[in-house]
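Chains as they are written, first to last, in our numbering: chain A, 723 to 882; chain B, 723 to 882; chain C, 2 to 84; chain D, 2 to 84.
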Amino acid sequence: MGTVRLQREDFDAAAEQRRLCEARPDVGAIVTFTGICRGGEGADAISAMTLEHYPGMAEDEIARHVAEAEARWDLKGVTVIHRYGRLIPGENIVLVATASAHRADAFAAAEFLMDYLKTSAPFWKNEERREGGRWVEARSEDDAAAARWQSPSRSREAAE
Amino acid sequence: MGTVRLQREDFDAAAEQRRLCEARPDVGAIVTFTGICRGGEGADAISAMTLEHYPGMAEDEIARHVAEAEARWDLKGVTVIHRYGRLIPGENIVLVATASAHRADAFAAAEFLMDYLKTSAPFWKNEERREGGRWVEARSEDDAAAARWQSPSRSREAAE
Amino acid sequence: MKILYFAWVRERVGKTEETVEPPAHVRTVGELVAWLAARGEEYAYAFENPKVIRAAIDRTHAKPETALGAAREIAFFPPMTGG
Amino acid sequence: MKILYFAWVRERVGKTEETVEPPAHVRTVGELVAWLAARGEEYAYAFENPKVIRAAIDRTHAKPETALGAAREIAFFPPMTGG
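Structure (structure tokens):
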């Protein structure tokens, strides 16, 4: 049911959101997450970022997590678009959009998908700075964020 | 810093999102929540929904919560738009858009604001069905969702 | 003082607002609800279950025990269902 | 079997992919890393810290102790930084 796309070109978040709810009277909540290439500042300024990915595996890995999100939450639609190639600051990197009847499902699924994209989807960021290219290091916070979805009960479940 | 608008007319989520990140190289994450008027089904089908609000207080109440979100999380921008008046199924009701450097702040602030809009902002929904108008009842799940923001520490803080 | 009503409280009372002058012994939100409820059938109906009535004093949420003080505008309404 | 390299593992090894035929005693991902690391300076550099190397067998995440089995495509890469 979900849509997964890997592409070089930019995406239109508004059009993707429209697609998730048109002719769907049961959709009451849409959450979108848009990841944007940050520019950094001063000595840390970035002139561009190149996203390398593992074609084939990246699609499979994201589709697997979309299916897991659909099994865990009551979703009416999911779209994940991840770009690759060279991007300049301000450009979109990734879109996760989730649709549900009530907000808690859409929020939880979008966070879950982002946490997994950060830690399990085979993408690698290389940032171009004045002194040259540098591979972005994985963040331990991202591992912690992904790990929280592995415990069966979550405080989030208090929400609608 | 945040933008709060109450209006009869529809909003353009994409334009609001663009406004949050344009000329902001420090924005790496934007979360949007769009609430949509659901249509219901069969005997429960809704022909329209009227949103009544308390002018003056609604703006104040939302602005107060936007300021609280800005104090609690590292946000680069917040926009809340809430419609009032008569809406038909499929129409937008509310938009919350949050911008931050990293995703955890944007997600948490958007959920916080939605939880408070549901329980503390002076709006009342009246749904029109075949048998007449009916005021929507408050949900205890919404109170529980809002209450979770009152404890000082949250598992969410494990995330980036 | 000015009283505003919203949603089904407004429908039951049959007006959106009015100006009232409660006696001096009406000092809290809860006491004002009790005083209003005794004004007639429509008020009794609107305030029949005080537990579900929410109030705001000068556009800030208030509790039954909140003192009216020098309030200019008091609003009564059901639990909110926005968002 | 086909080996793919990504990100700085690719840069250090100096190639995006190659076909290798490890001896029969190389049965797990971890053993394959050790065998590759001994193939030359560039490999030793790429695999100098096996703990930070991630692997996938036929496009599924694998651990050092995962058996190679009849794998056709094995990939090595640093921790992922997508999203």
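All C-beta atoms in this analysis are idealised placements derived from N, C-alpha and C, irrespective of residue type, glycine included.
Keep in mind that this is a model prediction, so the values were computed, not measured.
ask   = Which residues in the same chain as residue 13/D place their Cβ atom closer than 7 angstroms to its Cβ, once the five residues preceding and following it in sequence are excluded?
value = 43, 46, 47
task = Would you identify the three-state DSSP class for residue 842/B, choosing helix, strand or coil?
result = helix
query = Leaving out five residues before and five after residue 74/D in sequence, what residues of the same chain have Cβ atoms less than 6 angstroms from its Cβ?
reply = 3, 59
Interfacial residues, the segment 827-861 of chain B to chain A, with Cβ spacing under 9 angstroms = 828, 829, 832, 833, 836, 837, 840, 861
message = Rounded to the nearest angstrom, what separates residue 763/B and residue 50/D at their Cα positions?
response = 59 angstroms
inquiry  = Does any residue of chain A have a CB that is nearer than 9 angstroms to the CB of residue 83/D?
reply    = yes
key: Assigned secondary structure, residue 854/B (DSSP; H/G/I helix, E/B strand, else coil)   = strand
ask   = Counting pairs of Cβ atoms below 8 angstroms between the segment 755-771 of chain A and the segment 809-821 of chain A, do you hit three or more?
value = yes
query = Does DSSP classify residue 64/D as helix, strand or coil?
reply = coil
ask   = Hey, residue 770/A and residue 808/A are a contact pair by Cβ (cut 8 angstroms); roughly how many whole angstroms apart?
value = 6 angstroms
Cβ-Cβ distance between residue 772/A and residue 726/A below 9 angstroms = no
inquiry  = Assuming residue 752/B is part of the beta strand (DSSP E), what are its boundary residues?
reply    = 751-758
message = Give me the subset of the segment 784-817 of chain A whose CB atoms are less than 7 angstroms from a CB atom of chain D, sorted by chain position.
response = 804, 816
ask   = Taking the alpha-carbon positions, what's the residue 751/B to residue 28/C distance?
value = 49 angstroms
ask   = Within 9 angstroms (strictly less), CB to CB, does residue 733/B reach chain A?
value = no
request  = Would you kindly work out how many angstroms separate the C-alpha atoms of residue 33/D and residue 70/D, rounded to a whole number?
outcome  = 12 angstroms
query = What's the C-alpha gap between residue 8/C and residue 724/B?
reply = 29 angstroms
request  = Check the Cβ-Cβ distances between residue 782/B and every residue of chain C, and say whether any is below 9 angstroms.
outcome  = yes
inquiry  = Cutting at 8 angstroms between CB atoms, please list the residues of its own chain near residue 749/B, excluding the five before and the five after it.
reply    = 742, 743, 798, 799, 821, 822, 823
query = If we call anything under 9 angstroms between Cβ atoms a contact, is residue 755/B one with residue 805/B?
reply = no
request  = Output, in sequence order along the chain, the residues in the segment 9-36 of chain D whose CB is closer than 9 angstroms to any CB in chain A.
outcome  = 9, 11, 12
Cβ distance (whole Å) where residue 827/A is taken to contact residue 864/A below 8 angstroms = In fact, because the Cβ distance is near 23 angstroms, the residues do not count as touching under 8 angstroms.
Buried or exposed by the 16-neighbour rule on C-beta atoms within 10 Å, applied to residue 745/B = exposed
message = If I follow the unbroken beta strand (DSSP E) through residue 872/A, where does it start and stop?
response = Neither: residue 872/A is in no beta strand (DSSP E) and is coded neither H nor E.
ask   = For residue 31/C versus residue 80/C, is the C-beta spacing smaller than 9 angstroms?
value = no
Cβ-based neighbour list, residue 26/D, same chain, cut-off 6 angstroms, excluding 5 preceding and 5 following = none
message = I'd like the list of long-range same chain contacts for residue 834/B, defined as Cβ closer than 7 angstroms, with 5 residues on each side in sequence excluded.
response = 791, 871
message = When you compare the CB of residue 724/A with every CB in chain D, is at least one pair closer than 9 angstroms?
response = no
message = I'd like the list of long-range same chain contacts for residue 72/C, defined as Cβ closer than 8 angstroms, with 5 residues on each side in sequence excluded.
response = 2, 58, 59
inquiry  = Quick check: is the beta carbon of residue 756/A nearer than 9 angstroms to any beta carbon in chain B?
reply    = yes
inquiry  = Please return the same chain residues whose Cβ sits closer than 8 angstroms to the Cβ of residue 67/C, not counting the five positions on each side in sequence.
reply    = 29, 30, 56, 58
query = In whole angstroms, what is the alpha-carbon distance linking residue 736/B and residue 794/A?
reply = 28 angstroms
task = Have a look at residue 849/B and residue 17/C and give me their C-alpha separation to the nearest angstrom.
result = 20 angstroms
ask   = How many Å lie between residue 852/B and residue 768/B at the Cα?
value = 8 angstroms
query = Can you list, in chain order, the residues of the segment 63-79 of chain C whose Cβ is nearer than 8 angstroms to any Cβ on chain G?
reply = In the displayed structure, chain G is absent; the protein chains listed are A, B, C and D.
Member of 840/A, 857/A, 787/A whose CA lies at the smallest distance from the CA of residue 866/A = 840/A
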